[in-house]
Amino acid sequence: MRWGGHWLEPAGLTLPKLEIPDAVWKIYPDLSHAHDWDAAIAATSFVPDDVVAELCDAMGLVGTPEHCADRIAEMTKLGVRNLYLMAFQTFVGPEAERDAFRDVVFPRLRSAGLR
């Protein structure tokens, strides 16, 4: 099974060779929607922290609301016009993210002249 590769290349990332443990495939129903977050975290602990940080920085919008607003402003200058937002815990409502965007991110973008 091919994992990674093609979606990392445009971001200039290459993953080190990683052996994916069987525990990853046993997470129900999958890693993004794990019923047992502790098990999901344990199953993915084989990925080094520096690789996780690099992936988050290159492929995600991860950080404080202020950091996220600044990253969105940078992306807007590069031509990005749409974002897909996915909260960390996909099985609960994204209230914290909604509040952060309403209270911090959107006002910061407006003050920078963006909409």
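Start counting at 1 in the sequence shown, then tack on 14, and there's your number in the numbering used here. Even glycine gets a Cβ: it sits at the ideal position worked out from N, Cα and C.
What's the gap between the Cα of residue i and the Cα of residue j?
| i | j | result |
| --- | --- | --- |
| Ala54 | Thr90 | 33 Å |
| Val61 | Asp36 | 14 Å |
| Ala126 | Cys82 | 13 Å |
| Pro30 | Cys70 | 16 Å |
| Met15 | Lys40 | Interpretation of Met15 is limited by its pLDDT of 38, a score under 50 that renders its predicted location unreliable; the figure taken from the coordinates is listed afterwards. Taking the straight line from one Cα to the other gives about 16 Å. |
| Asp117 | Pro79 | 9 Å |
| Asp52 | Gln103 | 12 Å |
Can you name the start and end residues of the alpha helix (DSSP H) that residue i belongs to?
| i | result |
| --- | --- |
| Val76 | Val76 -> no alpha helix (DSSP H), and no H or E assigned at all. |
| Trp39 | 36-39 |
| Trp51 | 51-57 |
| Arg122 | 120-125 |
Rounded to whole angstroms, how far is the Cβ of residue i from the Cβ of residue j, which I believe are closer than 8 Å?
| i | j | result |
| --- | --- | --- |
| Leu45 | Val38 | 7 Å |
| Ala25 | Ala72 | 4 Å |
Ordered along the chain, which non-local residues of its own chain (more than five positions away) have a Cβ less than 8 Å from that of residue i?
| i | result |
| --- | --- |
| Gly77 | Arg85 |
Does any residue of chain B bring its CB to less than 9 Å from the CB of residue i?
| i | result |
| --- | --- |
| Ala87 | As a matter of chain content, chain B is missing from the structure shown, which is built from one protein chain. |
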